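Chains as they are written, first to last, in the working numbering: chain A, 275 to 388; chain B, 928 to 1041.
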């Protein structure tokens, strides 16, 4: 069965600090990988996605993520965070067989101090 | 395109009652998933439907059920409500081509069980 583990549940950073959120998944087959973000008072939305090709993918608002197949990881990064990045971030995995069952990690709450 | 519409947005029930939640996906999307979101638990997968067929089911008791209609609208039902069913229930409309598996979320239905 698929599972997703996010390493940090709460992260507090100052503006301009660098961000890295860890995500590891457990699944033996081919997967699609996603990061979703939920800003305060808003619905979940896609931040970035990986299907195939270049393992370094870029998303909205300067975020990027790197897929390391050997480590079953898909870590999210941003070189310099802003106050507006305060949100909850979810890593998600979708196996490519048997439909579109997408499993989410528990989420990481990021608070950026101005 | 219009987004995902979930109704009702908020509802309060008492233990033992049953509830039905509705979801209208993005026009042209034939697949939907349902999730239960609670603080600290992240998003727990309930079920996934494609063209009126349930393709995947999460680890929830049989009190949780769902269905999808020919117009792709979906409903989920929870019978014999328990206090622990209080949560935000999210419906996701699923892109099945282009970026297959990408989820588009609604605002959710917040259920409180007293």
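All C-beta atoms, glycine included, are put in the ideal place defined by N, C-alpha and C. Quantities reported herein were computed from a predicted structural model and do not represent experimental measurements.
**Asked** Which residue comes first and which comes last in the beta strand (DSSP E) that contains residue 369 of chain A?
**Response** Its beta strand (DSSP E) spans residues 361-369.
**Message:** Let's test the definition: count the other Cβ atoms within 10 Å of the Cβ of residue 963 of chain B and tell me whether it reaches 16, buried, or not, exposed.
**Reply:** Buried, by the Cβ-count rule.
**Asked** Run through DSSP, which three-state label would residue 288 of chain A get?
**Response** Looking at residue 288 of chain A - three-state DSSP - the assignment turns out to be strand.
**Asked** For residue 324 of chain A, which residues of its own chain have a beta-carbon under 6 Å away from its beta-carbon, when the five flanking residues on both sides are left out?
**Response** Apart from the 5 residues on each side of it in sequence, residue 324 of chain A sits with its Cβ closer than 6 Å to the Cβ of 307, 331, 341 in its chain, given in chain order.
**Prompt:** Got a sec, what are the start and stop residues for the beta strand (DSSP E) residue 964 of chain B sits in?
**Reply:** DSSP places residue 964 of chain B inside the beta strand (DSSP E), whose first and last residues are 958-965.
**Asked** So is residue 284 of chain A buried or exposed if we call it buried at 16+ other beta carbons inside 10 Å?
**Response** Answer is exposed; the Cβ neighbour count stays below 16.
**Request:** Counting only the same chain and skipping the five closest in sequence on each side, list residues whose C-beta sits under 7 Å from that of residue 1039 of chain B.
**Result:** Correct list, in chain order: 939, 1013.
**Prompt:** Considering only residues of the same chain and omitting the five flanking positions on each side of residue 978 of chain B, which have a CB-CB separation below 6 Å?
**Reply:** So the list reads 957, once near-sequence residues are dropped.
**Prompt:** Is it right to say residue 1031 of chain B is buried, meaning 16 or more other beta carbons lie within 10 angstroms of its own, or is it exposed?
**Reply:** Looking at its Cβ environment, which holds 16 or more other Cβ atoms inside 10 Å, residue 1031 of chain B is buried.
**Request:** Can you give me, in chain order, the residues of the region 296-307 of chain A that have a beta carbon less than 8 Å from any beta carbon in chain B?
**Result:** Residues 306.
**Message:** Strictly under 8 Å for the Cβ-Cβ distance: is residue 361 of chain A near chain B by that measure?
**Reply:** For residue 361 of chain A, the answer is no, since every Cβ of chain B falls outside 8 Å of its Cβ.
**Message:** Using the Cβ count rule (16 or more neighbours within 10 Å means buried), how would you classify residue 388 of chain A?
**Reply:** With fewer than 16 Cβ atoms within 10 Å of its Cβ, residue 388 of chain A is classed as exposed.
**Per DSSP, cross-strand counterpart(s) of residue 980 of chain B** = DSSP output for residue 980 of chain B lists B/977 as bridge partner(s).
**Request:** State yes or no: is the C-beta of residue 386 of chain A within less than 8 Å of the C-beta of residue 376 of chain A?
**Result:** Against a cut-off of 8 Å, the Cβ pair of residue 376 of chain A and residue 386 of chain A comes out as no contact.
**Item:** Per-residue DSSP class, three states only, for residue 344 of chain A
**Value:** In the three-state scheme derived from DSSP, where H, G and I count as helix and E and B as strand, residue 344 of chain A is classed as helix.
**For residue 307 of chain A: DSSP bridge partner residues** = Residue 307 of chain A is bridged to A/324, A/367.
**Prompt:** Between residue 959 of chain B and residue 1018 of chain B, is the Cβ-Cβ spacing less than 8 Å?
**Reply:** With a cutoff of 8 Å on beta-carbon distance, residue 959 of chain B and residue 1018 of chain B are scored as near each other.
**Request:** Excluding the 5 residues preceding and the 5 following residue 1022 of chain B in the sequence, name in chain order all residues of the same chain whose CB lies nearer than 6 Å to its CB.
**Result:** If we look at residue 1022 of chain B and ignore the five residues flanking it on each side, its Cβ neighbours are 1029.
**Message:** Is there a C-beta anywhere in chain B that falls below 8 Å from the one on residue 376 of chain A?
**Reply:** Yes, contact with chain B.
**Prompt:** Which partner residues of residue 991 of chain B appear in the DSSP bridge assignment?
**Reply:** Note: residue 991 of chain B sits in a beta bridge opposite B/1005.
**Message:** Short of 8 Å in beta carbon distance, which residues of its chain neighbour residue 370 of chain A, apart from the five on each side in sequence? Order them along the chain.
**Reply:** Within the same chain, residue 370 of chain A has close Cβ partners 303, 304, 305, 306.
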